[in-house]
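Step one of this worksheet: look at the structure below.
Protein chains: 4
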Amino acid sequence: MNFASDNTAGIAPEILRALAEANPGFALGYGNDDLTRRVERQIGELFEREVAVFLVPTGTAANALALAHLTPPWGGVLCHAQSHIMTDECGAPEFFGGGLKLIGLPGDNGLLAPETVAAAIARYSGHRPHQVNAATLSLTQASEAGTIYRAGDIAELARIAHAHGLKVHMDGARFANAVARLNASPAELTWKAGVDILSFGATKGGAMAAEAVVFFDPSIADAMHERRKRAGHLFSKHRFLAAQFEAFLARDTWLRLARHANAMADRLAERLRSAGIQPVWPVEANIVFALIPERLDGKLRAGGAAYYVRESDRLPGGMQADATDRLARFVTSFATTEDEIARFAELLQKR
Amino acid sequence: MNFASDNTAGIAPEILRALAEANPGFALGYGNDDLTRRVERQIGELFEREVAVFLVPTGTAANALALAHLTPPWGGVLCHAQSHIMTDECGAPEFFGGGLKLIGLPGDNGLLAPETVAAAIARYSGHRPHQVNAATLSLTQASEAGTIYRAGDIAELARIAHAHGLKVHMDGARFANAVARLNASPAELTWKAGVDILSFGATKGGAMAAEAVVFFDPSIADAMHERRKRAGHLFSKHRFLAAQFEAFLARDTWLRLARHANAMADRLAERLRSAGIQPVWPVEANIVFALIPERLDGKLRAGGAAYYVRESDRLPGGMQADATDRLARFVTSFATTEDEIARFAELLQKR
Amino acid sequence: MNFASDNTAGIAPEILRALAEANPGFALGYGNDDLTRRVERQIGELFEREVAVFLVPTGTAANALALAHLTPPWGGVLCHAQSHIMTDECGAPEFFGGGLKLIGLPGDNGLLAPETVAAAIARYSGHRPHQVNAATLSLTQASEAGTIYRAGDIAELARIAHAHGLKVHMDGARFANAVARLNASPAELTWKAGVDILSFGATKGGAMAAEAVVFFDPSIADAMHERRKRAGHLFSKHRFLAAQFEAFLARDTWLRLARHANAMADRLAERLRSAGIQPVWPVEANIVFALIPERLDGKLRAGGAAYYVRESDRLPGGMQADATDRLARFVTSFATTEDEIARFAELLQKR
Amino acid sequence: MNFASDNTAGIAPEILRALAEANPGFALGYGNDDLTRRVERQIGELFEREVAVFLVPTGTAANALALAHLTPPWGGVLCHAQSHIMTDECGAPEFFGGGLKLIGLPGDNGLLAPETVAAAIARYSGHRPHQVNAATLSLTQASEAGTIYRAGDIAELARIAHAHGLKVHMDGARFANAVARLNASPAELTWKAGVDILSFGATKGGAMAAEAVVFFDPSIADAMHERRKRAGHLFSKHRFLAAQFEAFLARDTWLRLARHANAMADRLAERLRSAGIQPVWPVEANIVFALIPERLDGKLRAGGAAYYVRESDRLPGGMQADATDRLARFVTSFATTEDEIARFAELLQKR
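Residue numbers (our numbering), protein chains in the order written: chain A, 15 to 365; chain B, 15 to 365; chain C, 15 to 365; chain D, 15 to 365.
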């Protein structure tokens with residue numbers, strides 16, 4: 015019953031197998047191999063357009079490289095106050111971006127609202143050269159709250175951003191979970207809606223360590239070659255990053271794995287509701303937040319359930335937490351089993 | 015006949031197997047897993063002392079993190095003018111180090127001589143705060159020329175460095191090849207000789223993507239946690255970095271693989287000599303440099319041999335290259351076969 | 015009637031004279047001159063202890079150098095959300111600090127409260143290495159709202175900061191105005207209350223361009239020599255920075271000038287009150303904020319008054335601004351005359 | 015007899031007077047004042063074209079800002095191995111430039127030769143993304159050796175640079191000395207010869223602290239506003255930077271002062287020759303290098319002459335220094351008097 019994170023799972027069998035299959039023989043290093051070319055074409059086909067693709071091993075690298083590419087050192091990145099780039103990357107965007115500034119904004123359900131973004135752009139524009147000016151909007155899809163932007167939401171946010179000269183980045187560490195849930199294509203959820211660069215995550219979805227920085231406008235991608243190299247993120251045996259991605263995307267494996275993770279989250283949420291516990295935010299991806307009484311928390315852990323507790327000051331307005339309640343975060347993955355959920359449900363019943 | 019680099023090879027079977035073996039079940043992310051603990055102990059035992067270990071996927075990351083840790087932004091790193099950090103990392107040390115300065119020094123056979131280092135320290139000391147002052151000495155073992163520092167060489171260089179307040183870094187992307195060749199222990203070639211931090215490479219030696227930054231004084235290692243994270247080099251599924259290293263080191267696999275690579279280089283050098291071509295530098299690790307007449311170069315490539323050509327201005331003093339000669343670099347690896355060498359020898363004969 | 019800023023004034027006559035007096039003859043460059051030594055002693059005597067002093071031409075330089083010195087690139091600086099370092103330095107602290115993070119906190123009257131700081135430290139501690147951890151507390155004295163921390167306030171804030179390993183920086187661009195107002199010595203308002211480094215401003219107080227970074231613990235100051243130089247802030251003809259400071263401090267000129275500026279602010283506030291307009295925040299230094307109806311704003315400007323308008327979302331809780339009200343900021347200086355205030359009062363009456 | 019540097023002199027009377035004249039009244043801060051507008055026009059007229067001008071207080075700031083503007087963090091700056099940016103700015107270009115790389119090149123008489131630059135561009139091009147690629151050529155006019163590039167030299171160097179996509183920066187800390195010596199206009203020695211950005215120095219020429227970064231293509235200058243601000247180099251009382259420059263340029267003061275300095279250097283060189291000591295490099299600006307026997311060195315210093323000694327490994331090929339000879343550098347300035355030279359000559363005679 016490990017719900018600590020989707021990165022406590024291992025490698026999906028299809029992807030592990032792909033590493034072995036890519037192994038025989040020699041291949042040019044540093045991304046000059048055939049497998050890498052293949053994956054680039056594959057990602058282009060998936061997004062229905064020409065793209066520039068840069069594979070890296072971690073989501074932090076993908077985000078920080080993308081943000082540094084879009085934002086000058088004296089620019090600001092508008093993002094949700096609880097976004098991963100803001101709270102969990104130890105200042106990687108600031109480091110890669112030569113001291114750029116992340117500007118954390120509030121937003122219900124972990125999502126940014128158009129009026130919030132518009133107001134922030136108004137505030138962080140002009141007053142040059144004294145103030146950092148907004149240069150980039152970063153959206154997290156699916157969000158840290160486990161919620162999802164619809165294609166229309168993204169289009170509206172991107173329209174506002176572009177109208178003021180900002181570029182749009184999407185942190186898609188859980189992009190698969192969002193696409194799997196929505197009745198929309200990868201293209202509709204990204205460039206067709208105005209996203210300029212996507213951090214396309216495979217690691218949480220079942221890879222060992224593979225993320226793609228996808229440029230929907232290849233003409234601005236050139237210097238990313240140097241950025242990636244000098245950040246130490248250009249693999250010499252690059253074929254093994256490519257192999258992970260190829261297997262992730264082949265035969266819709268990524269969507270199948272994400273659908274499973276989402277379904278497990280749905281089921282877990284259902285079990286919580288059956289036990290009288292409402293999820294804090296809508297369960298749209300593979301994350302469920304719930305307020306758990308202290309005693310139940312103890313029982314769950316004693317019974318073998320693993321999960322993290324977050325600061326309860328993030329709770330939605332109006333929701334009251336008892337002093338002893340804990341804001342628990344449950345994350346499911348491709349590796350979560352129905353049996354785990356069932357055992358978890360039993361622990362819930364026993365309280 | 016791929017001698018382009020030791021990173022055109024794939025993953026050694028033992029290490030690929032280890033990835034699969036580490037896969038089942040859940041594991042805490044970000045290096046908080048048992049396998050990572052095990053590898054840390056394993057590396058400590060190998061070096062016969064307490065160490066602090068940080069695993070990262072690339073040699074550039076290992077070097078740049080280590081150098082940034084040892085050198086203030088206004089400090090200089092003394093290194094060989096042909097070292098990888100100087101010529102092939104696209105300014106990664108400067109980026110990670112907030113604008114530190116690499117100071118490239120000449121040195122016969124790809125190695126730095128004590129008097130060269132002493133003179134450079136004298137030159138880059140004092141004149142504060144106008145001049146960058148030497149803060150770190152970085153040695154490459156085995157060197158880019160395929161040569162090796164003996165334990166006594168390292169001790170002498172480190173003694174000079176330490177006497178002037180410099181720290182000593184070793185770029186050990188091919189450390190295995192050096193240890194395999196010399197009759198010395200890993201400890202003797204590092205901390206016992208005065209090395210403060212080692213970039214211990216496994217990738218070129220047979221791993222997929224795994225390097226260890228090894229601190230021989232763990233008391234100075236603390237902030238490296240943040241450095242690695244904010245550089246995007248902390249793997250979430252960290253067990254797979256650890257698994258590679260565990261298998262690399264287990265049962266002396268690393269030395270066995272390196273000995274094979276070295277032996278293949280020896281044999282290749284022998285075949286060259288038999289064909290009347292003397293290696294440019296002593297063949298001590300898994301690299302052979304040779305001046306190849308243009309016509310032979312064409313024949314070798316036509317016959318299927320892959321290798322790189324380097325600028326011939328690096329040639330040793332006194333050695334004359336014909337205008338049409340090419341400075342060819344042949345690199346062997348764990349995956350090089352005797353058959354490849356034999357076929358290469360045949361091509362040599364045919365000229 | 016120029017109340018736009020205290021930097022729209024020129025140079026105080028005493029300080030301008032000092033530039034001329036320092037001019038004859040040759041002097042060693044880069045701070046190695048006698049006048050610089052004299053100013054260092056003078057500042058030490060003023061603060062009643064041994065200090066290390068680094069003169070620079072701008073407040074942004076002083077703040078950014080000090081914060082970068084106290085905060086690692088992966089550290090956070092706690093500061094008021096409206097502080098100058100947060101809103102008006104175009105990311106200088108982030109640039110000098112290699113991508114450090116400013117964490118803006120709310121605070122009534124432009125001041126930080128102990129409980130706010132304590133809570134922020136609790137939030138930005140631990141969760142290593144994923145989150146930026148609080149490393150420095152920066153207090154602005156006098157504040158951007160024109161208010162002042164008492165010695166006891168500073169001591170309480172510094173106690174909390176130090177108890178958790180943070181260092182304390184004071185942005186004293188208007189330190190003179192604070193000291194002039196309070197019945198306390200420079201020592202009591204800084205190191206005796208726990209301040210580690212002070213940006214001691216002279217520019218706004220009457221200098222041409224001179225600020226001192228004052229270390230109350232000289233033992234941690236060494237590398238500041240390099241920081242200043244490589245930021246381009248080490249003057250070759252350094253004697254002219256020193257001359258400004260010497261004249262600023264000699265015969266309590268700084269306090270006399272600041273008392274005048276403060277008195278002019280008091281008078282201006284009084285005139286506003288007489289006209290039925292209450293200052294928004296307590297008038298303690300040389301800044302007066304007031305809500306001015308749009309029509310009056312027009313009349314004042316038409317009559318020749320110069321001042322800036324700020325976003326009214328900074329207003330204290332409970333205070334309501336009409337949609338047409340403007341949050342005007344009036345800043346007085348050593349150069350403000352009673353006549354200007356009188357003319358301003360006349361404009362107020364005419365509405 | 016102070017020949018230590020041209021920055022040991024004070025402020026030229028015309029410029030000191032200008033500070034006083036600019037003082038009365040209020041002026042908008044941060045360069046929004048009329049005097050600044052005037053200086054910008056003045057510099058445009060001087061260079062016979064539209065320019066963008068950014069005033070800063072030090073040459074290090076001017077150079078580092080300009081180089082960072084022209085060079086990406088993964089780019090290289092080609093410069094003379096003995097240039098100020100390479101040896102005396104404590105890594106400022108690397109800091110401002112996010113870790114860019116200075117590539118020091120040899121060159122007779124302190125000057126770079128076209129073939130050297132062409133070879134360096136060839137070496138530092140391609141091999142992307144592994145190697146730092148040459149992005150900028152920086153020329154020092156007058157050079158650290160006291161020599162001068164002719165307009166034709168600059169044009170040839172710039173042609174080579176531009177042909178390969180590099181931009182051309184000129185470090186003109188002693189630009190006045192060069193222009194004063196040559197029969198060429200400021201325009202002919204800069205943009206007409208291909209210079210893209212000039213660091214135009216006034217400090218060494220007689221100002222207190224004032225340098226102008228001059229963009230000959232204003233269309234690429236926009237972000238320099240932010241660069242300067244976030245480096246702490248935007249003066250609030252900016253009119254006093256402008257006042258220095260206005261007086262420096264007015265009525266050809268800058269050329270008159272430079273001609274005097276150059277003439278004093280000529281005379282000093284003549285006196286050395288009369289004493290049997292040949293200047294090491296051609297004396298073209300206000301710097302004279304000479305090999306001084308140890309005993310004479312002692313006598314000169316005992317007699318009150320101040321100057322610096324440099325490492326004699328910089329000597330031209332073929333010139334032999336006795337072990338006890340010292341490479342003395344004598345720098346004259348607007349403040350050097352004929353009397354000083356005469357007294358120096360007397361000391362020379364007494365040996």
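Quick reminder that beta carbons are idealized off the backbone N, C-alpha and C, glycines included.
Residue i (DSSP reduced to helix, strand or coil)
i: residue 185 of chain D; result: strand
i: residue 70 of chain D; result: strand
i: residue 211 of chain A; result: strand
i: residue 226 of chain C; result: strand
i: residue 310 of chain C; result: helix
i: residue 40 of chain A; result: coil
i: residue 146 of chain B; result: coil
i: residue 165 of chain A; result: helix
i: residue 324 of chain C; result: strand
i: residue 195 of chain D; result: helix
i: residue 340 of chain D; result: strand
i: residue 16 of chain B; result: strand
i: residue 56 of chain B; result: helix
Outcome for residue i when other beta-carbon atoms lying within 10 angstroms are tallied against a minimum of 16
i: residue 207 of chain B; result: buried
i: residue 18 of chain B; result: buried
i: residue 364 of chain A; result: exposed
i: residue 281 of chain D; result: buried
i: residue 292 of chain D; result: exposed
i: residue 173 of chain C; result: exposed
i: residue 152 of chain B; result: buried
i: residue 333 of chain A; result: exposed
Euclidean distance between Cα positions of residue i and residue j
i: residue 308 of chain A; j: residue 177 of chain C; result: 30 Å
i: residue 279 of chain C; j: residue 85 of chain B; result: 49 Å
i: residue 354 of chain A; j: residue 275 of chain A; result: 12 Å
i: residue 67 of chain C; j: residue 54 of chain C; result: 6 Å
i: residue 126 of chain C; j: residue 201 of chain A; result: 47 Å
i: residue 160 of chain C; j: residue 90 of chain C; result: 25 Å
i: residue 255 of chain B; j: residue 51 of chain B; result: 12 Å
Counterpart residues of residue i in DSSP-defined beta bridges
i: residue 115 of chain D; result: D/90
i: residue 293 of chain D; result: D/304
i: residue 154 of chain D; result: D/185
i: residue 138 of chain B; result: Note: residue 138 of chain B sits in no beta bridge, so no partner.
i: residue 345 of chain B; result: B/301
(Q) What are the residues in the region 137-158 of chain A lying within 9 Å of chain D by C-beta distance? (A) Cβ contacts with chain D: 142, 143, 144, 146 and 147.
**Q.** Members of the region 86-99 of chain A that neighbour chain C once the beta carbon cut-off is set at 7 Å
**A.** Cβ contacts with chain C: 87 and 88.
Q | Residues within the region 101-120 of chain D neighbouring chain F, beta-carbon criterion of under 9 Å | A | No chain F is present in this structure, whose protein chains are A, B, C and D.
Q: May I ask you to list, following chain order, the residues of the region 172-183 of chain C that have a beta carbon less than 9 Å from some beta carbon of chain B?
A: From the region 172-183 of chain C, no residue has a Cβ closer than 9 Å to chain B.
Q. Can you list, in chain order, the residues of the region 211-245 of chain B whose Cβ is nearer than 8 Å to any Cβ on chain C?
A. So the close ones are 237, 239, 240, 241, 242, 243 and 244.
Q: Report the residues of the region 247-270 of chain D with a CB closer than 8 Å to any CB of chain A, ordered along the chain.
A: Listed by position along the chain: 248.
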